[in-house]
Amino acid sequence: MTEVVGNRLTITATVKSSRDGREILTANVWERVE
Amino acid sequence: MIRHLLLGVILVSCLSLPQPAPAQDLQSSVVGVWKLSSITRKDPQSGEVTNSYGEQPVGYLVYTKAGRVFAFLVGSDRKPPDKAEPSDSERAELFKSMVGYTGTYRVEGGKVSSGQMLPGISLGPGSIERK
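Protein chains in written order, with my numbering: chain A, 210 to 243; chain B, 13 to 143.
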C-alpha cells in the first residue's frame, strides 16, 4: 500500500523472507525532493 | 475562556497537520522524485523491527506522469570493493545490500499498484515480491 502525507510517501508491503519463507511487513519511507 | 482558546488552538493545529492524499489526488501526488528516508522490516510474530538496510540507506524512487516507476537503493553498510573489478564474493555482498526495480504502475481505487515490471531488472533480496 502506498500513502502520501505531505512530502512523505510510505510504501508498506508484505514480503516472504528469503531465509525461512515467513511473511514480513516492510515499510519504506521516502521524502519528496522534486 | 482559556478553555475555549485552548480548544481552538488544538483544532487549528489538527487541521494544519498533513493529511493523507484523497484517492483522486493520489496519482498526481506520487508523481515526482523521492529520496529514501528509511526501510524497516517487522516480524509479525515477534514484533521485532529492524532497519534492514542499515541506519542510513540511500536511494531514489521516481514516479512519472506516464505511469512508469524506477527505484534504486543501497544499504548504508556497503563495503566498496578493493579493486575496480569486484571479486565474486564482493559482488555477492554488494548484491545483498541493494534493491532496484522498474516497470509500470497504476492508481486504481485509491491504491498504487505495480503493473508490468521489467523482467530481469528487479534486483536485490526481497525486492521482487510485492503484494
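Note that beta-carbon positions come from the ideal geometry of N, C-alpha and C, so glycine has one too.
Whole-angstrom distance between residue j and residue i, CA atom to CA atom
i: K54/B; j: E105/B; result: 23 Å
i: S99/B; j: S41/B; result: 42 Å
i: T52/B; j: G79/B; result: 26 Å
i: E240/A; j: T211/A; result: 13 Å
i: V238/A; j: E102/B; result: 28 Å
i: E141/B; j: A96/B; result: At E141/B the pLDDT is 39, less than 50, meaning the model places this residue with poor confidence and gives no usable figure here.
i: S125/B; j: L218/A; result: 14 Å
Cβ neighbour criterion (16 or more within 10 Å) applied to residue i
i: V61/B; result: exposed
i: T223/A; result: exposed
i: V242/A; result: exposed
i: G87/B; result: buried
i: N216/A; result: exposed
i: A83/B; result: buried
i: V214/A; result: exposed
Option in the options with minimal Cα separation from residue i
i: K91/B; options: G79/B, Y65/B, G127/B and V74/B; result: Y65/B
i: L85/B; options: G127/B, S49/B, Q39/B and S101/B; result: S49/B
i: E232/A; options: A78/B, G59/B, E97/B and T76/B; result: G59/B
i: V45/B; options: L73/B, P56/B, Q57/B and D37/B; result: L73/B
i: S227/A; options: V124/B, G127/B, K108/B and V119/B; result: K108/B
i: M129/B; options: E102/B, V81/B, V111/B and E97/B; result: V81/B
i: V43/B; options: Q57/B, M110/B and K77/B; result: K77/B
i: D37/B; options: S125/B, V119/B, G127/B and S126/B; result: V119/B
Endpoints, beta strand (DSSP E) assigned at residue i
i: R80/B; result: R80 to V86
i: R228/A; result: Segment: none, R228/A is in no beta strand (DSSP E) and carries neither H nor E.
Below 8 Å, how does it come out for the stretch 113-120 of chain B and the stretch 51-70 of chain B: are there three or more Cβ pairs, yes or no? Result no; under three Cβ-Cβ pairs closer than 8 Å.
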